[in-house]
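Trainee: If you scroll down you'll find the structure; I have some questions about it.
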Amino acid sequence: MTSDYLSMHEVKAAELGLLRIFNSYCRENNLRYSMGSGTLLGAVRHKGFIPWDDDIDVIMPIEDYKQFLAGFPAREGADCSSIRLASKSNLKGSAAIPFEKLVNTSIEVKSAYIAKSIREYVWIDIFPIVSFDNEAEANKAWKSAVRYKYLFQASRWGSGQAGIAGRLKAFFGSIAKHTSLQQWALGKLRTMTECGTFTSKGMAANLSWAVSGSLEVFPAALFNDLIEYEFENERFYGFRDADCYLSLMYGDYLTLPPVDKRITHALKAWRVTPSDTNKPLSNENLKEQSC
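The numbering used here applies: residue 18 is where the sequence shown begins, and numbers increase by one.
Below is the structure:
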């Protein structure tokens with residue numbers, strides 16, 4: 018690892034490049050997606066990244082998600098590209114996760130919240146969405162997913178968090194990673210999503226990464242009406258009724274949170290030599306590398 022860490026501006030530029038590639042592929046293949054959670058909030062409130070945020074989230078109906086996973090690795094030039102699906106990267110140390118990440122393997126990252134044994138690359142998160150006939154069913158599934166996610170995440174906790182809570186998490190994580198807890202919880206999360214379906218009726222939910230205290234259960238019909246939003250001077254899809262989605266997740270989302278609630282991933286990022294080329298991705302060239 019080099020001591021020449023990238024600036025947060027450079028990290029966000031690399032993430033934006035991944036979003037650009039994802040967006041182009043989805044448009045070309047008629048796949049539905051919306052910016053999700055803090056990314057959609059950033060588009061509505063800031064016309065780009067939330068200033069203290071450092072990642073990008075997109076959400077897709079499960080059928081579109083499966084089509085993306087099947088088609089993206091088979092696109093022209095995929096074999097010699099540094100832009101990959103995390104699950105298809107076949108890189109030592111890559112972590113198993115219950116959703117997908119689009120990664121750029123020429124930029125490695127490390128977060129204080131992730132165990133040192135896990136290797137990560139700059140990414141955007143891609144979450145599958147399933148639907149239920151009614152809100153009660155969706156909320157019940159969500160609560161189960163929150164518990165499974167907590168258990169899954171325990172074995173990934175690192176030692177970078179300050180205070181007693183950080184030390185307790187690191188201790189529990191060191192124990193959990195030597196048990197089958199992670200794989201059991203991972204299997205539960207994957208089954209809840211992969212065995213689900215999506216229709217535009219009823220309520221939709223992101224069960225693959227259910228964050229306690231931020232309920233991501235919303236009307237499935239929001240996917241019927243997608244519009245373009247400005248995000249960092251570019252245009253990406255989001256729900257026309259973003260107010261419905263964001264209000265359910267965050268309440269008064271237009272009011273800035275207190276400074277102590279402005280959470281980041283505490284990322285450190287640096288360039289590495291991609292496995293498929295000797296040339297690292299430059300700041301100016303954020304398009305997909307090819308042979």
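For glycine and all other residues, C-beta sits at the position ideal for the given N, C-alpha and C. All figures in this text were calculated on a predicted structure; none of them were measured in a lab.
For a test of the three-state rule: what should DSSP assign to Arg49, helix, strand or coil?
Mentor: Three-state DSSP puts Arg49 in coil, outside helix and strand.
Trainee: If you run the structure through DSSP and keep just helix, strand and coil, what is Leu23?
Mentor: In this structure, Leu23 counts as coil in the three-state DSSP scheme.
Trainee: So does the segment 85 to 104 actually touch the segment 114 to 123, counting three or more Cβ pairs closer than 8 Å?
Mentor: With a cut-off of 8 Å, the segment 114 to 123 and the segment 85 to 104 count as touching, because enough Cβ pairs lie within range.
Trainee: Mapping the DSSP letters down to three states, classify Trp201 as helix, strand or coil.
Mentor: Correct three-state label for Trp201: helix.
Trainee: Would DSSP call Val61 helix, strand or coil?
Mentor: Residue state, collapsed to three classes: helix.
Trainee: Go to Gly88, then tell me how far its alpha helix (DSSP H) extends in each direction, as first and last residue.
Mentor: Unbroken alpha helix (DSSP H) run through Gly88: Ile79 to Gly88.
Trainee: Which same chain residues end up closer than 7 Å to Leu203 when comparing Cβ atoms and leaving out the 5 residues on each side of it in sequence?
Mentor: The residues are Ala113, Pro115 and Phe169.
Trainee: Note the first and the last residue of the continuous beta strand (DSSP E) segment covering Ala155.
Mentor: Here Ala155 belongs to no beta strand (DSSP E); instead the alpha helix (DSSP H) covers Glu152 to Ala171.
Trainee: Between which two residues does the alpha helix (DSSP H) holding Tyr267 run?
Mentor: Here the alpha helix (DSSP H) through Tyr267 covers Ala259 to Tyr267.
Trainee: One question on the structure: do Ser161 and Leu284 come within less than 8 Å of each other, judged by their Cβ atoms?
Mentor: Cβ atoms of Ser161 and Leu284: not closer than 8 Å.
Trainee: Would you mind reading off the limits of the beta strand (DSSP E) that contains Glu233?
Mentor: It is not in any beta strand (DSSP E) - Glu233 carries neither H nor E in the DSSP assignment.
Trainee: How big is the Cα-Cα spacing for Tyr42 and Trp69?
Mentor: Near 28 Å, if we compare the C-alpha coordinates of Trp69 and Tyr42.
Trainee: So, are the CB atoms of Asp81 and Ser54 less than 8 Å apart?
Mentor: The answer is no: Cβ separation not under 8 Å.
Trainee: Using the beta-carbon count (16 or more within 10 Å), is Arg44 buried or exposed?
Mentor: So Arg44 ends up on the exposed side.
Trainee: Classify Glu251 as buried or exposed, calling it buried when 16 or more other Cβ atoms lie within 10 Å of its own Cβ.
Mentor: By the 10 Å Cβ count, Glu251 comes out exposed.
Trainee: How close, in whole Å, do the beta carbons of Glu249 and Gly94 come, if the pair is a contact with beta carbons under 8 Å?
Mentor: That belief does not hold up - the Cβ atoms of Glu249 and Gly94 are roughly 25 Å apart, past 8 Å.
Trainee: Would you grab the beta carbon distance between Tyr167 and Leu206 for me? Rounded to a whole angstrom, and I think it's under 8 Å.
Mentor: The pair is not a contact, with the Cβ atoms about 11 Å apart (cut-off 8 Å).
Trainee: With a threshold of 7 Å (Cβ to nearest heavy atom), would Glu80 be considered close to the ligand GDP?
Mentor: Ligands in the displayed structure: none, and consequently the ligand GDP is not present.
Trainee: Under the three-state reduction of DSSP, which class applies to Lys218: helix, strand or coil?
Mentor: Three-state DSSP puts Lys218 in coil, outside helix and strand.
Trainee: DSSP state of Gly255, grouped into three classes?
Mentor: Three-state DSSP puts Gly255 in a strand.
Trainee: Which residue's Cα is closest to the Cα of Met266: Leu48, Asn47, His26 and Thr56?
Mentor: It is Thr56.
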